[in-house]
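Heads up: the sequence lines are chains A and B, in that order.
Note that our numbering gives residue 101 to position 101 of the first sequence, counting from 1, and the numbers run on in steps of one.
Note that our numbering gives residue 70 to position 70 of the second sequence, counting from 1, and the numbers run on in steps of one.
The C-beta atom is built at its ideal place from N, Cα and C for all residues, glycine as well.
Fair warning: this is a prediction, and the values are worked out from it, not measured in the lab.
2 protein chains.
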Amino acid sequence: LIHLEKITKTYVMGSDTIHALDGVDFQIQKNEYISIMGPSGSGKSTLMNIIGCLDTPTSGTYRFEDEIVCDVGDTGTVKMNGNDLARIRNRKIGFVFQTFNLLPRVTAFKNVGLPLVYANIPRAQQVQMTQLALEKVGLADRAHHKPSELSGGQRQRVAIARALVNNPSIILADEPTGNLDSETSNEIMALFDDLHRQDNTIILVTHEPDIALHAHRSVHILDGRIESDEINPNV
Amino acid sequence: LIHLEKITKTYVMGSDTIHALDGVDFQIQKNEYISIMGPSGSGKSTLMNIIGCLDTPTSGTYRFEDEIVCDVGDTGTVKMNGNDLARIRNRKIGFVFQTFNLLPRVTAFKNVGLPLVYANIPRAQQVQMTQLALEKVGLADRAHHKPSELSGGQRQRVAIARALVNNPSIILADEPTGNLDSETSNEIMALFDDLHRQDNTIILVTHEPDIALHAHRSVHILDGRIESDEINPNV
Ligand SMILES: Nc1ncnc2c1ncn2[C@@H]1O[C@H](COP(=O)(O)OP(=O)(O)OP(=O)(O)O)[C@@H](O)[C@H]1O
Ligand SMILES: Nc1ncnc2c1ncn2[C@@H]1O[C@H](COP(=O)(O)OP(=O)(O)OP(=O)(O)O)[C@@H](O)[C@H]1O
Ligand SMILES: [Mg+2]
Ligand SMILES: [Mg+2]
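What follows is the structure in structure tokens.
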């Protein structure tokens, strides 16, 4: 489904060079359930942004369903055209950002419904799908609050609802339970487990070992490289 | 040191009334180490903002070192004058926000040094104190990155460094390890434990039971009320 080959991501700041990703080879099959763990600053969000087609690598190849999304090398750069890329991002992938990235001046309801606007879903269906997504994360009674009128964990759940509203087949969740108490975390993980059973693909960055145990495959990142990649024996 | 009496915080939204805090009585002595836990949306951040003099209650009294900071009742509102309030906020209290609240267009170094500017600390000393705070959270090599050039856990640590830079005697930390892996969390908790041993007062909102175990007193909040308030038997 997704194939990363020799992926690097480098930032040059003055005389410093930061190797956020330092040569990553990584394959994801359909319907996998993968957790990604690693120290703060090790490259997890950078990797997720590349998988989610939100960022391009400094070098390396990224294939999605066997099509080249981008290929950056010494001979030049090949990129998928803008429309095909937008379709992958808007219809196939749901992304929960580590820092939520909600529109501050718009209600929870409008924030959650935004992917449906981009996907040209008919208006009446938009309202229905948005309502359902909010109910799934327990926020039906907070639909008309703006982000500044929500608690931290409520904003996180709005970000989760927005990622799921368009029924994407690939869910990329970057620390989705970081601001949630254990009961609410369990409700969110039950959602993800359910989506996985419905044949979707789940990739979840977390720093909590209990959350990582839900996944079938466990990847550890250190200093921009994959340190280990193992099947979870307990699942 | 801090005395909250009959504190309420109410938001009216159209026909809905939200009781974010619904009658809170709470006392904090000097050099206490208190954890606050509770479900998402239960009122923890609202309580912290009132303790930190960043928000005023809808009704009730807040005393700081026996002086009235604000007293809101049917007979009217009494508030401490602006200068005294600013001095408490800038010199006595260090606040780690749940959503970091960093200035986006300014480096980690300048973000961390901001409280020192407000406290009129001499320039050379500002640089020294800022450098030390960044080293304590392991971010000396990220000083000149802006928040968008930092990982989620690095931004959280910049927020922590900023809260500690002016050596406040009261530290209010709202979910300070939510974005940190366990090793980095332990380093941050070691910092807080140290500060407590140096006679400071620590109040820490967390949803992780392991983190709460560092505190000597454990408060649970539910639906805007204090549900339990107990000494931690293990410490
Ligand atoms: N400006 C506002 N207008 C309306 N409701 C608000 C506003 N700010 C907060 N609330 C509501 O007040 C309640 C308490 O919010 P608070 O941020 O204190 O919760 P919390 O315990 O910190 O939650 P979390 O663990 O998710 O961070 C929430 O239900 C929230 O929706
Ligand atoms: N725009 C940028 N410019 C320079 N350095 C950057 C930039 N963005 C990220 N970095 C650096 O790249 C490294 C990897 O960042 P990334 O966000 O992927 O880490 P992470 O594993 O998600 O960390 P965390 O667990 O703290 O969220 C970090 O050390 C960070 O400082
Ligand atoms: Mg990250
Ligand atoms: Mg909160």
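If you compare alpha carbons, which of 174(A), 153(A), 58(A) and 146(A) is closest to residue 74(A)? Position 74 of the first sequence, counted from the start, is the residue given in the question as residue 74(A). Comparing Cα-Cα distances from residue 74(A) to each of 174(A), 153(A), 58(A) and 146(A), the minimum goes to 58(A).
Mind checking whether the beta-carbon of residue 46(A) lies closer than 7 Å to any heavy atom of ligand 2? In the first sequence, residue 46(A) corresponds to position 46, counting from 1. Answer for residue 46(A): yes, Cβ within range of ligand 2.
Flag residue 13(B) as yes if its beta-carbon sits less than 8 Å from any beta-carbon of chain A, otherwise no. Mapped onto the second sequence, residue 13(B) falls at position 13. Chain A, which has a Cβ nearer than 8 Å to the Cβ of residue 13(B), makes this yes.
According to DSSP, is residue 105(A) part of a helix, a strand, or is it coil? In the first sequence, the residue the question calls residue 105(A) occupies position 105. Coil, per DSSP.
Indicate whether residue 232(A) and residue 216(A) have their beta-carbon atoms separated by less than 8 Å. One-based indexing of the first sequence puts residue 232(A) at position 232. One-based indexing of the first sequence puts residue 216(A) at position 216. Yes, they are a contact pair.
Is the beta carbon of residue 52(A) closer than 8 Å to that of residue 100(A)? The residue given as residue 100(A) occupies position 100 in the first sequence. The residue given as residue 52(A) occupies position 52 in the first sequence. Not in contact: residue 100(A) and residue 52(A) (Cβ atoms no closer than 8 Å).
Residues bridged to residue 222(B) (per DSSP): Working through the second sequence from its first residue, we reach residue 222(B) at position 222. Residue 222(B) pairs with 225(B).
Examine ligand 1 and report whether any of its heavy atoms sits within less than 7 Å of the Cβ of residue 145(A). The residue you call residue 145(A) lines up with position 145 of the first sequence. Within the cutoff, so yes.
Using only the heavy atoms of ligand 4, determine whether one of them is closer than 7 Å to the beta carbon of residue 182(B). Locating residue 182(B) in the second sequence gives position 182, where the first residue counts as 1. Checking the Cβ of residue 182(B) against ligand 4 gives no.
Please report how far the alpha carbon of residue 107(B) lies from the alpha carbon of residue 165(B), in whole angstroms. Working through the second sequence from its first residue, we reach residue 107(B) at position 107. Working through the second sequence from its first residue, we reach residue 165(B) at position 165. Their backbone Cα atoms lie some 15 Å apart in a straight line.
Between residue 129(B) and residue 116(B), how many whole angstroms is the CB-CB distance? I'm expecting something under 8 Å. Position 129 of the second sequence holds residue 129(B). Position 116 of the second sequence holds residue 116(B). At roughly 6 Å, the Cβ-Cβ gap stays under 8 Å, so residue 129(B) and residue 116(B) are in contact.
Where residue 211(B) sits in the DSSP three-state scheme: As a first step, residue 211(B) must be located in the second sequence, where it is residue number 211. Note: residue 211(B) maps to helix in three-state DSSP.
Return no unless some Cβ of chain A is closer than 8 Å to the Cβ of residue 214(B). Locating residue 214(B) in the second sequence gives position 214, counting from the first residue. No, no contact with chain A.
I need the straight-line Cα distance from residue 68(A) to residue 18(B), nearest angstrom please. Along the first sequence, one-based indexing puts residue 68(A) at 68. Along the second sequence, one-based indexing puts residue 18(B) at 18. About 51 Å.
Please confirm whether residue 134(B) has its beta-carbon closer than 8 Å to some beta-carbon of chain A. Here the question's residue 134(B) lines up with position 134 in the second sequence. No, residue 134(B) does not count as interfacial toward chain A.
Listed by chain order, chain B residues near residue 154(A) by CB distance under 9 Å: Counting from 1 along the first sequence, the entry for residue 154(A) is found at position 154. Correct list: 40 and 41.
Under 7 Å Cβ to Cβ from residue 29(A), same chain only, skipping five residues before and after it: list those, please. Here residue 29(A) corresponds to residue number 29 of the first sequence, with the count starting at 1. Correct list, in chain order: 1.
Near residue 61(B), what residues of its chain come up, given a Cβ to Cβ distance below 6 Å and the 5 sequence neighbours on each side ignored? If you number the second sequence from 1, residue 61(B) lands on position 61. Closer than 6 Å at the Cβ level, and outside the excluded window around residue 61(B), lie 5 and 71.
How long is the line joining the alpha carbons of residue 222(B) and residue 44(B), rounded to whole angstroms? Walking along the second sequence from the start, residue 222(B) turns up at place 222. Walking along the second sequence from the start, residue 44(B) turns up at place 44. Approximately 9 Å, taken between the alpha carbons.
Span of the beta strand (DSSP E) around residue 182(A): Translated into positions along the first sequence, residue 182(A) becomes position 182. Taken as a continuous stretch (DSSP letters only), residue 182(A) belongs to no beta strand (DSSP E), being part of the alpha helix (DSSP H) at 182-197.
Within 8 Å of any Cβ in chain B, is that where the Cβ of residue 128(A) sits? Position 128 of the first sequence, counting from 1, holds the residue named residue 128(A). It does not; no Cβ of chain B falls within 8 Å.
At a cut-off of 7 Å, is residue 129(B) close to ligand 1 when judged by its beta-carbon and the heavy atoms of the ligand? Numbered from 1 along the second sequence, position 129 holds the residue referred to as residue 129(B). Answer for residue 129(B): no, Cβ out of range of ligand 1.
Opposing strand residues paired with residue 9(B) [DSSP bridges]: In the second sequence, counting from the first residue as 1, residue 9(B) sits at position 9. 21(B), per the DSSP bridge assignment.
What are the residues that DSSP puts in a beta bridge with residue 56(B)? Position 56 of the second sequence holds residue 56(B). For residue 56(B), which the question treats as bridged, DSSP gives no partner whatsoever.
At a cut-off of 7 Å, is residue 142(A) close to ligand 1 when judged by its beta-carbon and the heavy atoms of the ligand? Within the first sequence, numbered from 1, the residue matching residue 142(A) stands at position 142. Checking every heavy atom of ligand 1 against the Cβ of residue 142(A), one is found closer than 7 Å.
Candidates 167(B), 162(B), 158(B) and 171(B), of which the one nearest residue 179(B) by Cα: For the purposes of this step, residue 179(B) is taken as residue 179 along the second sequence, with counting starting at 1. Out of 167(B), 162(B), 158(B) and 171(B), 158(B) has the C-alpha closest to the C-alpha of residue 179(B).
Could you check if residue 98(A) belongs to the surroundings of ligand 3, using beta carbon to heavy atom distance under 7 Å? Translated into positions along the first sequence, residue 98(A) becomes position 98. Yes, the Cβ of residue 98(A) comes within 7 Å of a heavy atom of ligand 3.
Using CA coordinates, which residue listed in 120(B), 230(B) and 184(B) is at the minimum distance from residue 139(B)? In the second sequence, residue 139(B) corresponds to position 139, counting from 1. Selected option, being the one with the closest Cα: 184(B).
Residue span of the alpha helix (DSSP H) that contains residue 44(B), given as start and end: Numbered from its first residue, the second sequence carries residue 44(B) at position 44. Element bounds for residue 44(B): 44-51.
Whose Cβ in chain A lies nearer than 8 Å to the Cβ of residue 186(B)? Position 186 of the second sequence holds residue 186(B). The contacting residues do not exist; residue 186(B) stays about 12 Å from chain A at best.
Presumed contact (8 Å Cβ cut-off) between residue 142(B) and residue 154(B), rounded CB distance: Residue 142(B) sits at position 142 when you count from the first residue of the second sequence. Residue 154(B) sits at position 154 when you count from the first residue of the second sequence. Between residue 154(B) and residue 142(B) the Cβ distance is about 6 Å, and since that is below 8 Å, they are a contact.
With a threshold of 8 Å on Cβ separation, who are the neighbours of residue 55(A) within its own chain once the five nearest residues in sequence on each side are excluded? Sequence index remark: in the first sequence, residue 55(A) carries index 55 (1-based). Cβ within range, chain order: 9, 46 and 49.
Using the three-state DSSP reduction, which class does residue 243(B) fall into: helix, strand or coil? Here chain B covers residues 1 to 235 and nothing more, so residue 243(B) does not appear.
Candidates 230(B), 132(B), 235(B) and 20(B): which alpha carbon is nearest residue 7(B)'s? Along the second sequence, one-based indexing puts residue 7(B) at 7. Measuring from the Cα of residue 7(B), the nearest candidate turns out to be 20(B).
Of the residues 34(B), 176(B) and 188(B), which one's Cα is nearest the Cα of residue 237(B)? Here chain B has residues from 1 to 235 only, and residue 237(B) is not among them.
Three-way DSSP call (helix, strand, coil) for residue 135(B) in this model: Taking the second sequence and counting its residues from 1, one reaches residue 135(B) at position 135. Of the three classes helix, strand and coil, the one that applies to residue 135(B) here is helix, per DSSP.
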